[in-house]
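Heads up: the sequence shown begins at 644 in the numbering used here, then just goes up one per residue.
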Amino acid sequence: MSSYAPPVQRLVTELSKLPSIGTRTAQRLAFHILRASEEDALALADAIREVKERIGLCEVCFNLTDQPRCRICEDTRRDHGLICVVEEPGDVIPMERTHEYSGVYHVLGGALSPIDGIDPENLRIAELYARVTSPAPGQSPISEVVLATNPTTTGESTALHIAHELRARAPEVTVTRLASGLPVGSDLEYADEVTLGKALAGRRSL
Ligand SMILES: [Zn+2]
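Right, dumping it as C-alpha cells:
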C-alpha cells in the first residue's frame, strides 16, 4: 500500500518501469523531480514527448532518426558499399565512437532467439538481403557486410544465420564478423571504443 498522493505514486510507478530502476531508485528520482524547478521538470516531460512524436526509424538502415533517412545514410562521404549489421540502434553509437568505421549500418531490431519466438521474419533481415542483392539505383554495389551482433549466444547464432544466407544470395559479397576480444556474453553497447575499434580492425571472414 502506498502512502503517497496518487500523482506521486503514478510517477514512481512509471519511473520504476525503466531498466535497472527499482522501486527505491524510482522514489528517489520522483522526489528529485518534485524538488526540481517547474521548468526543469517540464523540460524532461517535453523531451520524452518529443522523442516519441518525432523520432522514427530510418527507411534504409532502421537507425533512429527524425527524418525519413538518418544522417549516416544521407552522408555521401561514407562508404555505402560497406554495411555494418547491429542488433539495436544503441549499438551504432559505440561503433561510431571508435572513429574507425566509415561505412553505413543496418539495424536488425534484435537477435534471433527461437525460444523467445524471435525468428528471421521478426527482425529486419529480409530488408538487409534486399539492400545487399539489389542496391538502390545509382548506389554503389555492396562489397562487404560486417556482422557486429553482440558476442552472446543469440548474437552469434544471428551472425551465423545471416552469413549463411548471404553466401547463398550474394556470393560476391565479403561477409565478416568482429574479431574476438570483445567480452563474451556482453553487449556491444558496453564495449569501450579501443576494444571495439580493435575488434573491427581485426574482423575476419565468415
Ligand atoms: Zn539510415
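Virtual Cβ for every residue (Gly too), placed ideally from N, Cα, C.
Distance cut-off 6 Å: residue i Cβ against heavy atoms of ligand 1
| i | result |
| --- | --- |
| C701 | yes |
| C727 | no |
| N765 | no |
| N793 | no |
Cβ-Cβ distance between residue i and residue j below 7 Å
| i | j | result |
| --- | --- | --- |
| H723 | S783 | yes |
| V735 | N706 | yes |
| I691 | A684 | no |
| T801 | A754 | yes |
| C701 | R712 | yes |
| V789 | R721 | no |
| A842 | A822 | yes |
| I768 | H749 | no |
| A813 | T776 | yes |
| P763 | L831 | no |
Cβ-based burial, residue i [other Cβ within 10 Å; buried from 16]
| i | result |
| --- | --- |
| R820 | buried |
| Y833 | exposed |
| R774 | buried |
| Y744 | buried |
| E731 | buried |
Any C-beta of chain C under 7 Å from that of residue i
| i | result |
| --- | --- |
| R678 | Of the protein chains in the structure, only one exists, and it is not chain C. |
Reduced DSSP secondary structure (H/G/I, E/B, other) of residue i
| i | result |
| --- | --- |
| S783 | coil |
| R671 | helix |
| L687 | helix |
| T666 | helix |
| V729 | strand |
| G840 | helix |
| T656 | helix |
| D734 | helix |
| R714 | helix |
| L831 | helix |
Discussion item. What ranges does the alpha helix (DSSP H) occupy inside the segment 745-826, keeping only unbroken runs of at least 4 residues that lie completely in it?
Written reply: 768-776, 796-812
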